[in-house]
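Number of protein chains: 2
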Amino acid sequence: MKRTHTNGELRLSDAGKKVSLIGWVAKRRNFGSLVFIDLRDRSGITQLVFDETISEQIKEVRNEYILEVSGTVLERKDKNDKLPTGDIEVKVEEVVIVNSAETTPIIVADDTDALEDTRLKYRYLDLRRPVMQKKLMMRHQITRSMREYLDNHAFIEIETPMLGRSTPEGARDYLVPSRVHPGSFYALPQSPQLYKQLLMVSGFERYYQFARCFRDEDLRADRQTDFTQVDLETSFLSDVEIQTMMEEMLQKLMKDVKGMDITTPFPRLTWEEAMNRYGSDKPDNRFGMELQEITSLFENSSFKVFKDCVEAKGSIKAVVVPNMAHMTRKEIDKVTELAKKNGAKGLVTLKYMDNVLSGPIVKFLSDDEIHAVCDTLKLKEQDLVLIVSDKWNTTCNVLGALRNHFGSVLGLKKLDEFSFLWVTDFPMFEYSEEDGRWYAMHHPFTRPKDEDMQYIDSDPGKVHAIAYDIVLNGYELGGGSLRIYDGAMQDKMFEVLGFTEEKIQENFGWFVDALKYGTPPHGGLAFGLDRIAMILSESESIRDVIAFPKNANAKCPMSDAPTPVDEEQLKELHLNIEK
Amino acid sequence: MKRTHTNGELRLSDAGKKVSLIGWVAKRRNFGSLVFIDLRDRSGITQLVFDETISEQIKEVRNEYILEVSGTVLERKDKNDKLPTGDIEVKVEEVVIVNSAETTPIIVADDTDALEDTRLKYRYLDLRRPVMQKKLMMRHQITRSMREYLDNHAFIEIETPMLGRSTPEGARDYLVPSRVHPGSFYALPQSPQLYKQLLMVSGFERYYQFARCFRDEDLRADRQTDFTQVDLETSFLSDVEIQTMMEEMLQKLMKDVKGMDITTPFPRLTWEEAMNRYGSDKPDNRFGMELQEITSLFENSSFKVFKDCVEAKGSIKAVVVPNMAHMTRKEIDKVTELAKKNGAKGLVTLKYMDNVLSGPIVKFLSDDEIHAVCDTLKLKEQDLVLIVSDKWNTTCNVLGALRNHFGSVLGLKKLDEFSFLWVTDFPMFEYSEEDGRWYAMHHPFTRPKDEDMQYIDSDPGKVHAIAYDIVLNGYELGGGSLRIYDGAMQDKMFEVLGFTEEKIQENFGWFVDALKYGTPPHGGLAFGLDRIAMILSESESIRDVIAFPKNANAKCPMSDAPTPVDEEQLKELHLNIEK
Numbered sequence: 001m002k003r004t005h006t007n008g009e010l011r012l013s014d015a016g017k018k019v020s021l022i023g024w025v026a027k028r029r030n031f032g033s034l035v036f037i038d039l040r041d042r043s044g045i046t047q048l049v050f051d052e053t054i055s056e057q058i059k060e061v062r063n064e065y066i067l068e069v070s071g072t073v074l075e076r077k078d079k080n081d082k083l084p085t086g087d088i089e090v091k092v093e094e095v096v097i098v099n100s101a102e103t104t105p106i107i108v109a110d111d112t113d114a115l116e117d118t119r120l121k122y123r124y125l126d127l128r129r130p131v132m133q134k135k136l137m138m139r140h141q142i143t144r145s146m147r148e149y150l151d152n153h154a155f156i157e158i159e160t161p162m163l164g165r166s167t168p169e170g171a172r173d174y175l176v177p178s179r180v181h182p183g184s185f186y187a188l189p190q191s192p193q194l195y196k197q198l199l200m201v202s203g204f205e206r207y208y209q210f211a212r213c214f215r216d217e218d219l220r221a222d223r224q225t226d227f228t229q230v231d232l233e234t235s236f237l238s239d240v241e242i243q244t245m246m247e248e249m250l251q252k253l254m255k256d257v258k259g260m261d262i263t264t265p266f267p268r269l270t271w272e273e274a275m276n277r278y279g280s281d282k283p284d285n286r287f288g289m290e291l292q293e294i295t296s297l298f299e300n301s302s303f304k305v306f307k308d309c310v311e312a313k314g315s316i317k318a319v320v321v322p323n324m325a326h327m328t329r330k331e332i333d334k335v336t337e338l339a340k341k342n343g344a345k346g347l348v349t350l351k352y353m354d355n356v357l358s359g360p361i362v363k364f365l366s367d368d369e370i371h372a373v374c375d376t377l378k379l380k381e382q383d384l385v386l387i388v389s390d391k392w393n394t395t396c397n398v399l400g401a402l403r404n405h406f407g408s409v410l411g412l413k414k415l416d417e418f419s420f421l422w423v424t425d426f427p428m429f430e431y432s433e434e435d436g437r438w439y440a441m442h443h444p445f446t447r448p449k450d451e452d453m454q455y456i457d458s459d460p461g462k463v464h465a466i467a468y469d470i471v472l473n474g475y476e477l478g479g480g481s482l483r484i485y486d487g488a489m490q491d492k493m494f495e496v497l498g499f500t501e502e503k504i505q506e507n508f509g510w511f512v513d514a515l516k517y518g519t520p521p522h523g524g525l526a527f528g529l530d531r532i533a534m535i536l537s538e539s540e541s542i543r544d545v546i547a548f549p550k551n552a553n554a555k556c557p558m559s560d561a562p563t564p565v566d567e568e569q570l571k572e573l574h575l576n577i578e579k
Numbered sequence: 001m002k003r004t005h006t007n008g009e010l011r012l013s014d015a016g017k018k019v020s021l022i023g024w025v026a027k028r029r030n031f032g033s034l035v036f037i038d039l040r041d042r043s044g045i046t047q048l049v050f051d052e053t054i055s056e057q058i059k060e061v062r063n064e065y066i067l068e069v070s071g072t073v074l075e076r077k078d079k080n081d082k083l084p085t086g087d088i089e090v091k092v093e094e095v096v097i098v099n100s101a102e103t104t105p106i107i108v109a110d111d112t113d114a115l116e117d118t119r120l121k122y123r124y125l126d127l128r129r130p131v132m133q134k135k136l137m138m139r140h141q142i143t144r145s146m147r148e149y150l151d152n153h154a155f156i157e158i159e160t161p162m163l164g165r166s167t168p169e170g171a172r173d174y175l176v177p178s179r180v181h182p183g184s185f186y187a188l189p190q191s192p193q194l195y196k197q198l199l200m201v202s203g204f205e206r207y208y209q210f211a212r213c214f215r216d217e218d219l220r221a222d223r224q225t226d227f228t229q230v231d232l233e234t235s236f237l238s239d240v241e242i243q244t245m246m247e248e249m250l251q252k253l254m255k256d257v258k259g260m261d262i263t264t265p266f267p268r269l270t271w272e273e274a275m276n277r278y279g280s281d282k283p284d285n286r287f288g289m290e291l292q293e294i295t296s297l298f299e300n301s302s303f304k305v306f307k308d309c310v311e312a313k314g315s316i317k318a319v320v321v322p323n324m325a326h327m328t329r330k331e332i333d334k335v336t337e338l339a340k341k342n343g344a345k346g347l348v349t350l351k352y353m354d355n356v357l358s359g360p361i362v363k364f365l366s367d368d369e370i371h372a373v374c375d376t377l378k379l380k381e382q383d384l385v386l387i388v389s390d391k392w393n394t395t396c397n398v399l400g401a402l403r404n405h406f407g408s409v410l411g412l413k414k415l416d417e418f419s420f421l422w423v424t425d426f427p428m429f430e431y432s433e434e435d436g437r438w439y440a441m442h443h444p445f446t447r448p449k450d451e452d453m454q455y456i457d458s459d460p461g462k463v464h465a466i467a468y469d470i471v472l473n474g475y476e477l478g479g480g481s482l483r484i485y486d487g488a489m490q491d492k493m494f495e496v497l498g499f500t501e502e503k504i505q506e507n508f509g510w511f512v513d514a515l516k517y518g519t520p521p522h523g524g525l526a527f528g529l530d531r532i533a534m535i536l537s538e539s540e541s542i543r544d545v546i547a548f549p550k551n552a553n554a555k556c557p558m559s560d561a562p563t564p565v566d567e568e569q570l571k572e573l574h575l576n577i578e579k
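Note that the protein sequences, when read in sequence, are chains C and E. Under UniProt numbering, the first residue of the first sequence is numbered 1, with each subsequent residue one higher. Under UniProt numbering, the first residue of the second sequence is numbered 1, with each subsequent residue one higher.
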């Protein structure tokens with residue numbers, strides 16, 4: 001017996017053929033003297049029928065046994081139009097039980113009510129569910145499509161070190177103790193950033209890598225201990241040239257994987273515009289409900305909260321939520337809570353019903369102001385209006401969060417709709433009140449805009465970076481920038497960030513030195529592959545597109561990693577555990 | 001100015017065109033009022049010529065400066081037939097100095113006399129050397145070719161965990177302390193072995209991955225802290241079916257990368273035959289000088305060494321080295337030393353000159369024995385004969401090492417010749433006298449041959465594995481096996497290896513459990529990518545095909561990793577360093 005077909009392959013046109021199949025028993029049922037078995041492999045399901053001459057041989061066969069069968073393809077009487085193979089069945093003439101199976105702790109079917117930790121403990125069974133197999137197969141399709149584009153556009157894949165050097169900036173490193181150099185540690189890479197820049201110094205011109213990256217941060221729903229980055233870098237190209245290539249790559253990706261034609265160029269928003277209109281640096285533009293600036297309406301308001309905001313040069317903005325004026329006090333309280341969780345001191349809500357604007361603060365507003373609000377916001381019957389007045393960035397962030405919330409509530413985030421955009425012109429620096437210093441918003445190797453260099457000493461907050469993020473459906477899919485390629489500018493950058501000469505030398509000396517020997521202008525991008533796979537496979541968690549993920553506690557429920565290790569192993573590393 | 005061509009592209013047919021180029025200054029020379037510059041990028045070199053109207057602008061330009069130029073392609077008077085662009089030069093009309101360069105600490109040219117640690121410290125310059133760029137580009141070509149084959153043969157690429165569980169068998173793990181679970185550690189993967197088997201349990205049928213793997217072993221010339229494995233696994237296929245696919249993949253690889261047609265199927269040697277004929281489980285069959293069995297010639301010898309060997313059921317073998325009879329006593333002493341280093345108690349050497357066999361032991365041999373030796377070995381004038389009599393495996397190993405030595409000495413290992421073969425039927429177990437126990441020669445998940453299972457309790461040494469190695473030019477390029485897919489057989493295997501039930505449960509329970517739920521027959525292979533790249537690029541060290549390798553001391557001379565880390569970082573991990 002030698003497998004002739006997969007279980008997703010046979011059609012009515014194959015009727016009469018002798019075939020051999022192999023696979024797992026997905027379902028078994030008896031019908032009079034006949035036994036029907038759904039035989040499953042990764043490509044699908046074929047119905048087998050065993051008559052009384054052979055059914056004795058499979059009497060102990062249950063779900064998840066593996067069978068190899070030979071038989072004849074027959075047209076089915078009761079066709080199943082939900083299955084591609086639903087027009088036929090295979091009348092089995094020979095059967096071999098390849099392996100048996102105990103009752104599985106989770107049911108191998110698309111629908112599951114198993115808890116996630118149970119699914120992860122028996123991940124090998126969870127992955128046997130067709131829905132999970134399809135997700136991982138789509139992930140492969142995605143990498144294949146992207147590689148194809150990069151390979152055909154002169155990019156060279158180069159592997160960079162997994163055991164690198166720990167650096168103090170950025171997220172927490174995973175450390176790897178060295179046995180050969182006791183007391184010293186390697187760090188797992190947070191990204192190949194410096195190495196890919198060095199590859200440009202080496203003259204490779206176009207590099208890519210599907211790179212595993214590690215950050216020892218607390219896990220969230222869409223975070224893992226490690227993730228895969230589609231990492232690339234180019235020399236001699238402008239930001240727009242890089243973006244255009246990436247749009248082509250994503251266009252091909254959407255065609256290859258989803259069969260969809262998407263339009264390029266993608267919309268481009270500056271960071272400021274994105275914040276102003278969507279209250280987010282990763283706007284979800286599958287739906288409207290944009291933020292609207294209404295500060296000017298309240299320049300002479302007698303409503304103290306707005307007046308104070310205007311005087312403090314803050315920003316008053318509104319989001320109009322359609323058909324939500326019916327919300328109860330209690331429901332609105334919850335929205336206010338969400339606003340506060342995002343940093344608001346308060347939230348003004350108004351309802352527009354029967355052509356009248358109502359709400360707790362209406363009594364403080366003049367008729368002119370009320371009219372101006374209705375006009376400016378073009379209010380319609382049953383609109384709910386959310387207003388925040390605060391410092392500009394707080395106003396934006398809060399309303400952005402509320403907009404997102406109502407986008408979900410109103411079902412506007414369609415999983416099968418895909419909306420790409422670029423956010424550009426990020427600020428180079430952000431100031432931490434807490435630490436009393438400037439931080440690089442992307443990283444210290446990002447190139448500032450030439451025309452902003454005049455502010456670098458006097459007002460670093462005014463300096464924009466040639467940095468760009470690509471956003472899909474409200475997720476940051478990737479980000480990149482042009483990089484600094486001249487040593488003096490790099491030194492200046494470190495100066496603004498408050499690094500001492502000593503600290504620079506100690507931590508980045510090896511990299512900064514490299515800039516002296518003929519560094520080309522260069523820039524690149526990195527995509528989060530897990531996130532791309534999650535969105536394109538219409539999954540709710542990145543764990544669904546990772547074969548063996550960690551749980552939210554950074555543990556693998558299957559292997560139980562991490563575990564204690566032998567005393568012997570620690571001794572070799574010259575390490576003690578502090579109790 | 002916008003780059004129109006690369007520096008490897010222009011030909012005589014382009015003469016007269018206006019072009020723009022960008023690249024590094026590889027060489028500058030003045031000739032009267034003219035300045036000639038070789039401009040280099042990753043694709044090659046183009047000669048630029050600057051006349052007196054423009055040479056002033058580049059007066060400070062030196063090697064490794066980056067220039068962007070526009071000009072006209074001219075036919076060269078003195079053509080350079082060593083360069084693909086040697087028929088033309090570009091008369092520069094416009095030039096921009098894109099970046100300057102200090103004098104480089106190593107010379108950017110194919111030939112270098114820099115020490116390896118200097119090359120590694122300034123790796124970004126070392127990699128600028130065209131010869132190094134070509135090696136890394138070939139590595140990419142190799143991965144591209146192999147991926148193409150696998151993608152087109154229904155293999156699915158799936159990433160497996162980088163932060164796994166430490167297991168006691170095999171090589172030493174690199175450990176990663178967990179911050180969330182103080183006192184617990186992840187281990188970096190030595191290979192995705194268990195995960196790929198679980199993916200077969202999951203029903204993926206064909207998996208592959210270009211996997212980074214880690215072993216904390218002492219480094220040698222062809223070892224790194226980590227390496228890249230082309231890892232694959234299949235379900236429902238026989239060993240020969242897997243091997244046949246791999247032959248096809250390698251055939252395509254040799255065509256794609258080297259433009260060579262190689263013949264399949266590759267020769268197949270059982271492990272025993274490989275040892276008997278080549279004294280190696282990874283024979284280099286680019287050349288002959290096979291080991292010849294001559295034990296039977298000495299069954300009644302009066303030469304005590306041979307007689308003892310025959311009586312102890314040892315093995316006497318010979319290797320004939322052509323044209324080496326002229327070696328001096330001193331030279332032969334060195335060969336004897338090499339034999340002893342490989343475990344021999346002694347080495348018998350004979351010379352065949354003027355139709356006479358001579359050598360220290362000839363006087364102990366009978367005329368019949370001398371004739372038998374000359375006849376059996378078909379000795380020719382100037383042959384040197386090396387004979388070892390010892391336990392079978394020692395005899396094989398020693399003569400294998402000497403054969404290899406003389407293969408090099410005689411220049412028989414041609415770098416541009418590529419000879420593949422399979423070694424099959426490895427012993428399942430090897431016995432460690434030191435530990436007094438059996439070890440799995442491959443790993444404990446390898447499937448033994450059915451027909452040998454009868455010996456598993458009585459004589460494990462007799463059990464062969466369905467394991468196969470692929471060998472290229474004397475290097476083990478990859479290895480694989482069919483795996484155990486039934487729990488009872490896996491338990492038996494652990495029993496022979498002396499694992500207690502407790503140890504099994506603790507270390508492999510999570511894996512062995514998975515075998516209970518319908519595991520398909522499966523098997524696979526893993527190739528060492530670094531080694532493939534080294535051999536195909538005709539390099540002498542794997543470090544030449546790794547962008548940023550560690551040195552023999554497991555250090556990166558460029559970043560200085562590994563390094564001490566902040567006290568703070570250790571505190572978070574609850575670790576102390578033992579002074």
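The C-beta atom is built at its ideal place from N, Cα and C for all residues, glycine as well.
Legend entry - chain C contact for E/Leu-127 (CB, 8 Å cutoff): yes
Legend entry - According to DSSP, residues forming a beta bridge with E/Phe-420: E/Leu-472
Legend entry - Beta-carbon proximity list for residue 606 of chain E, same chain, < 6 Å, skipping 5 on both sides: In the structure as shown, chain E starts at 1 and stops at 579, and residue 606 of chain E therefore has no counterpart that could be examined.
Inset, instruction - Specify, as a first and last residue, the run of the beta strand (DSSP E) that C/Tyr-208 falls within. - result: 206-214
Inset, instruction - Just grab the DSSP bridge partners of E/Tyr-439 for me. - result: E/Glu-430
Legend entry - Contact the stretch 86-95 of chain E vs the stretch 68-76 of chain E: 3+ CB pairs below 8 Å: yes
Legend entry - Contact set between E/Gln-490 and chain C, taken where Cβ atoms lie within less than 7 Å: Chain C residues near E/Gln-490: none, gap ~13 Å exceeds 7 Å.
Legend entry - Check whether C/Glu-233 and C/Leu-194 have beta carbons under 8 Å apart: no
Legend entry - Same chain, Cβ closer than 7 Å to E/Arg-286, five either side skipped, listed in chain order: Leu-412, Lys-413, Lys-414, Glu-417, Ser-419 and Asn-473
Legend entry - chain D residues whose Cβ lies nearer than 7 Å to that of C/Ala-561: Here the protein chains are C and E, and chain D is not one of them.
Inset, instruction - For E/Asp-226, return the contacting residues in chain C, with the cut-off set at a CB-CB distance below 9 Å. - result: Pro-161, Met-162 and Leu-163
Inset, instruction - Rank C/Val-409, C/Glu-248, C/Asn-63 and C/Ile-542 by C-alpha distance to the C-alpha of C/Glu-331 and give the top, closest one. - result: C/Val-409
Legend entry - Element boundaries [beta strand (DSSP E), containing E/Leu-350]: 348-353
Legend entry - Range covered by the alpha helix (DSSP H) that runs through C/Ser-408: 392-409
Inset, instruction - Just the chain E side, please: which residues come within less than 8 Å of C/Glu-205 by C-beta, in chain order? - result: Asp-41 and Arg-42
Inset, instruction - With DSSP as the reference, label C/Phe-306 as helix, strand or coil. - result: helix
Inset, instruction - For C/Phe-426, collect the residues of the same chain with a Cβ closer than 6 Å to its Cβ; drop the 5 residues on either side in sequence, then sort them by chain order. - result: Trp-271, Met-441, Ala-465 and Ala-467
Legend entry - The alpha helix (DSSP H) enclosing C/Lys-135, as first and last residue numbers: 130-151
Inset, instruction - Kindly list, in the order they appear in chain C, the residues whose Cβ is closer than 8 Å to that of E/Glu-64. - result: Tyr-517 and Gly-518
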